[in-house]
Structures are given as C-alpha cells and as structure tokens.
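As you go down the protein sequences, you meet chains A and B in turn. For reference, each letter of the first sequence is one residue, going 1 to 113 in the numbering used here. For reference, each letter of the second sequence is one residue, going 1001 to 1114 in the numbering used here. C-beta atoms are modelled at their ideal positions from N, C-alpha and C, and glycine is treated no differently. Since we're looking at a predicted model, the values are computed, not measured.
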Amino acid sequence: SQTIHQWPATLVQPVGSPLSLECTVEGTSNPNLYWYRQAAGRGLQLLFYSVGIGQISSEVPQNLSASRPQDRQFILSSKKLLLSDSGFYLCAWMPGLGGDEQFFGPGTRLTVL
Amino acid sequence: AQSVTQLGSHVSVSEGALVLLRCNYSSSVPPYLFWYVQYPNQGLQLLLKYTSAATLVKGINGFEAEFKKSETSFHLTKPSAHMSDAAEYFCAVSDRRGSYIPTFGRGTSLIVHP
C-alpha cells in the first residue's frame, strides 16, 4: 500500500531563516506531487505541483521554491522566511496515470516568529 | 475553468441531528467531485467521490452525497451527527480531461453540540 510522509511535524523558525520541508511517498511510482498551504481560518492554497523529476510548476509567486530530486521526493524550501509564511503545509500525491483523488500527508505546522 | 462554492464557513448541529454541507460547482465538462475531511492538525482524508457512475455516492463514516447536474450541486449529508464528526470539510472539483489540479472550496467547519 502507499504511504506519504512529511517532516518535521512542527517547526518554529525566526524571520529571515531558511526553510526545508520534505515529503516522500512510498509504494507507488511516477506520482503527481503537490504542496499546499493553509493559513489560519483559510482554505487550501496550491503552492507547487510536479508531474515528474525536475518538473515543477508554481501557482503563486512568493519567496518559496520547490524541488523534486527523486521520483517520490518533494522538497519545499525558502532562503529567508517571512512572518506571512506561517501556516500548515500539506504535501499530497495523486497517481500519475489514471488517478483522480489526492492522498494527503499529515502536514507540517510552521510558525515564523 | 472550474470552481467550487461551499455555502457557509461554519455549520452547527446537535448530536443526532441531520448534517447537510452544501457544495456547488462550475465546470465546462462533466466533473469529478470529491469531499474531504480534515481533523485538527491533520491532513485531508477522502470521504467520498463522484466519477460519473451512480449519482448517489456513499462514503466512509455514514456520509453520502448526491450529484445533481441540473443544480450543479454535490451536497454532503449524514442522517445523524456524532461528536466525532466535528471537523473541517472540503469539497473539490476536477476536470478530468487532462487536468490533475483539483479546485478546492474554502471549507466548512462542522460543529457538533452535545
């Protein structure tokens, strides 16, 4: 069966510090991968998605970036965090061929102080 | 283009009462429709999905939803609310024709009173 992991679960970082959040999927190949953010009291905001290694599409211009160095690994990064980057970050995957539903990871709670 | 509107950011019911969460969609082609549930500090979990088969879809935890093309709706219902149903619920639509980017509604917070 397929499993999706995210780490860390929680993170408290000062403004201006770098960020690296990691997501890995097990038990599948060639998944579509997604990064979402939930700000307090708001819905899901799609940040990035990827349909293959090295292929990243950005939905919202910001100081965040994403990379997919391996088929089942998706990394969200920032060189300098802003207060507005605080939120709940969710990674998700969808089968690359014939899939329709997304499967979400447990999320990372990021607080920028 | 596709969009989703969830009517009501908060819905409050008593334990044992009917749950009705509303979702209306817009899609230029026959859609795929989804309901997800999110418990506090957790990821989203699929409740049910409509993918052009039966219009009445049954999901986990006693929830069901009916696809009504004429009303462009996909409302979520449960006959009797339980305290454990308190969570955030998201409706999503996907244009399956070459699209793998679902569009999510803003979510509805379900509050269950004892």
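Inset, instruction - Please go through the stretch 2-40 of chain A and give each complete beta strand (DSSP E) segment of 3 or more residues, from N-terminal end onward. - result: Fully contained in the stretch 2-40 of chain A are the following beta strand (DSSP E) runs of length 3 or more, in chain order: 3-7, 10-13, 19-26 and 32-38.
Legend entry - Within 8 angstroms of chain B by C-beta, residues of the stretch 43-55 of chain A in sequence order: Hits within the stretch, in order: 43, 44, 46, 49 and 51.
Legend entry - C-alpha gap between residue 114/A and residue 76/A, whole angstroms: The structure shown has nothing for residue 114/A, since chain A only spans 1 to 113.
Inset, instruction - Starting from residue 1017/B, trace the beta strand (DSSP E) both ways and give me its first and last residue. - result: Residue 1017/B: not part of any beta strand (DSSP E); DSSP gives it neither H nor E.
Inset, instruction - Using beta-carbon positions only, say whether residue 1026/B and residue 1095/B come within less than 8 angstroms of one another. - result: A distance of 8 angstroms or more separates the beta carbons of residue 1026/B and residue 1095/B.
Inset, instruction - Using three-state DSSP, classify residue 82/A as helix, strand or coil. - result: Correct three-state label for residue 82/A: coil.
Inset, instruction - Report yes or no: is there a C-beta of chain B within less than 8 angstroms of the C-beta of residue 116/A? - result: The shown model of chain A, from 1 to 113, leaves out residue 116/A, and the question about it has no answer.
Legend entry - Under 7 angstroms from the C-beta of residue 16/A: neighbouring residues of chain B: Near residue 16/A there are no residues of chain B at all, since even the closest Cβ is about 26 angstroms away, more than 7 angstroms.
Inset, instruction - Ignore the nearest five residues each way along the sequence and tell me which others in residue 1008/B's own chain have a CB closer than 6 angstroms to its CB. - result: These residues qualify, in order along the chain: 1108.
Legend entry - Contact list for the stretch 1030-1056 of chain B against chain A, Cβ threshold 9 angstroms: Within the stretch 1030-1056 of chain B, the residues whose Cβ lies closer than 9 angstroms to some Cβ of chain A are 1032, 1034, 1036, 1038, 1041, 1042, 1043, 1044, 1045, 1046, 1049 and 1051, listed in chain order.
Inset, instruction - Note down the Cα distance separating residue 87/A from residue 1040/B, rounded to an integer number of angstroms. - result: Using only the alpha carbons, I get a separation of about 13 angstroms.
Inset, instruction - Determine the direct distance from the alpha carbon of residue 1038/B to that of residue 84/A, and round the result to whole angstroms. - result: If you take the alpha carbons of residue 84/A and residue 1038/B, they lie about 23 angstroms apart.
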